[in-house]
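>
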Amino acid sequence: MDRRPNRQSPLGLVLGLVAVVMFGATLPMTRLALHDLSPWFISFGRAALAGFCALAVVLVLRRPWPFGARETRRDLVLATLALVFGFPILIGVATQTVPAAHGGIVLGLLPLCTAIAATVLAGERPGLGLFAASAAGAGLVAAFALRNGAAGGFGYGDTLLFLAVVICAAGYAVSGRLARRMAGWEVIAFMLILALPVTVPAALVTFPWGRTVTGESWAALVYLGLFSQFIGFFFWNAGLALGGIARVGQVQLLQTFVTVGLAWPINGERPDAETLLFALGVAVVVALAQRAGRRRAPAPAADPAGPA
1 MDRRPNRQSP LGLVLGLVAV VMFGATLPMT RLALHDLSPW FISFGRAALA
51 GFCALAVVLV LRRPWPFGAR ETRRDLVLAT LALVFGFPIL IGVATQTVPA
101 AHGGIVLGLL PLCTAIAATV LAGERPGLGL FAASAAGAGL VAAFALRNGA
151 AGGFGYGDTL LFLAVVICAA GYAVSGRLAR RMAGWEVIAF MLILALPVTV
201 PAALVTFPWG RTVTGESWAA LVYLGLFSQF IGFFFWNAGL ALGGIARVGQ
251 VQLLQTFVTV GLAWPINGER PDAETLLFAL GVAVVVALAQ RAGRRRAPAP
301 AADPAGPA
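Just so it is clear: in the sequence shown, position 93 is 93 by UniProt numbering, and no numbers are missing.
Here you go:
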């Protein structure tokens, strides 16, 4: 069944906001885990942990396997490559060289890239108003970075983060397209299950055998596996399907400031009053983006992304 985005309902935005709060802790938790663990084990270990949880949920609920339709198989593979492998590995390696708050600022480009990906990959037509709001949000985030000296030099870590943004936006668009045909939690669950034959051996190979790992690092890895990689996508994919990929994606502009705020207690990176002012400005941009989205008419009956 094709679940059309309902741009008049606030439920998609609420679900997206819950996911953004969970995702906002990803970079601080990744940086915390890096104290004792390699970025490779963090990436594969969190995916393997989430994959076993997904497999247990699917088996308990006796959900049918969705690999019959060619379009579904294709989208699951693409989303898995982007969101289970590409994005976590890139941010894990990048966060070795840049602070968590810095990474959160670069990821502020994600909503704009998501709106573009929704147009190219998911057949949405967000309209100029939504694109303008996305660009304004990206501009505010860039200004925040420049004023705080975080963007003083575009180095290796920034390059990896930018690639992570592009890959993540494409993954969001594809998984949002999948969530029109199946429940949002099933999308991420079967992505993680599909990745298990790779993530489990890779996690075993990169496991810190013989090394001392603190409880904080293990706790950070568990958070990344359960919330960043699994539970957060329950809310995110459902929100994208209900409210539209491009429109709900604008809520992620707030993720930058969730990340900056959490980097203080988790990583000791203290925010200042200017951060709060920029956060207020971004919140206004998000509100304008939602107004622009509501003015758009619902999608027509013919879905450019293909039949359900």
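All C-beta atoms, glycine included, are put in the ideal place defined by N, C-alpha and C. A quick note: this is a predicted structure, and the numbers were derived from the prediction, not measured.
Identify which residue in Y223, L121, L37, G92 has its Cα closest to the Cα of E71.
L121
> So, under 8 Å CB-CB, A100 and L163 are touching, yes? Tell me the CB distance rounded to an integer number of Å.
With 8 Å as the limit, A100 and L163 do not qualify as a contact, their Cβ atoms being about 18 Å apart.
> How do the segment 77 to 88 and the segment 204 to 213 stand: do at least 3 beta-carbon pairs fall below 8 Å, yes or no?
no
> Please state the DSSP three-state secondary structure of T214.
Three-state DSSP puts T214 in coil, outside helix and strand.
> Taking Cβ positions, are A47 and T159 nearer each other than 7 Å?
no
> Relative to the C-alpha of I231, which candidate in I245, A189, L240 has its C-alpha closest?
A189
> Which same chain residues end up closer than 8 Å to residue 331 when comparing Cβ atoms and leaving out the 5 residues on each side of it in sequence?
Any question about residue 331 goes unanswered here, given that the chain covers just 1 to 308.
> In terms of residues, what are the limits of the alpha helix (DSSP H) holding Q252?
No alpha helix (DSSP H) holds Q252; DSSP gives it neither H nor E.
> Short of 6 Å in beta carbon distance, which residues of its chain neighbour P88, apart from the five on each side in sequence? Order them along the chain.
S43
> Would you call R73 buried or exposed, if buried means 16 or more other Cβ atoms sit within 10 Å of its Cβ?
Classification for R73: exposed.
> Taking a contact to mean a Cβ-Cβ separation below 7 Å, would you say V251 touches G24 in this structure?
no
> From L192 to L55, what distance separates their C-alpha atoms?
8 Å
> Give me, in chain order, the residues of the same chain whose beta-carbon lies closer than 7 Å to that of A115; leave out the 5 immediate sequence neighbours on both sides.
P126, L130, F131, S134, A246, G249
> Taking 7 Å as the threshold (C-beta atoms), are G45 and L242 in contact?
no
> Output needed for T109: all residues of its chain with C-beta closer than 6 Å, excluding positions within five of it in sequence on either side, in chain order.
Looking at the sequence shown, residue 109 is not Thr but Leu. Correct list, in chain order: A138, V165.
> With a CB to CB cut of under 6 Å and the five nearest residues on each side skipped, what residues in its chain are close to L196?
G51
> L226 to L49, Cα distance in whole Å?
7 Å
> Alpha carbon to alpha carbon, how far is G149 from F235?
For G149, the pLDDT reaches just 49, beneath the cut-off of 50, and the residue's location in the model is therefore unreliable, although a value from the coordinates is still provided. If you take the alpha carbons of G149 and F235, they lie about 34 Å apart.
> Just to confirm my understanding: we take L15, look at its own chain, exclude 5 residues before and 5 after, and list those with CB closer than 6 Å. What are they?
Contacts found: F235, A238, G239.
> How would you label Y156, buried or exposed, when you count the other beta carbons within 10 angstroms and need 16 or more for buried?
exposed
> Going by other Cβ atoms of all chains shown within 10 Å of its Cβ, with 16 needed for buried, is P10 buried or exposed?
exposed
> Whose C-beta lies closer than 6 Å to the C-beta of N267 among residues of the same chain, with five residues either side of it excluded?
P28, R31, A100
> In the DSSP assignment, find the alpha helix (DSSP H) that holds T72 and state where it starts and stops.
70 to 80
> Using a Cβ-Cβ cut-off of 6 Å (strictly less than) and excluding sequence neighbours within five positions of G171, which residues of its own chain qualify?
A79, A82, L83
> Specify the secondary structure class of P158 as computed by DSSP and reduced to three states.
In the sequence under discussion, the amino acid at residue 158 is Asp, which differs from the Pro named in the question. In this structure, D158 counts as helix in the three-state DSSP scheme.
> Would you kindly report the start and end of the unbroken alpha helix (DSSP H) that includes L244?
Before going on, a small fix: residue 244 reads as Gly here, not Leu. Per DSSP, G244 belongs to no alpha helix (DSSP H) and is neither H nor E.
> Since I believe G103 is in contact with T95 (beta carbons under 8 Å), could you give me their beta-carbon distance rounded to a whole number of angstroms?
6 Å
> What first and last residue would you give for the alpha helix (DSSP H) that runs through M182?
From DSSP, M182 is part of no alpha helix (DSSP H); its letter is neither H nor E.
> With H, G and I counted as helix, E and B as strand and the rest as coil, what does DSSP make of W65?
If DSSP states are grouped into helix, strand and coil, W65 belongs with coil.
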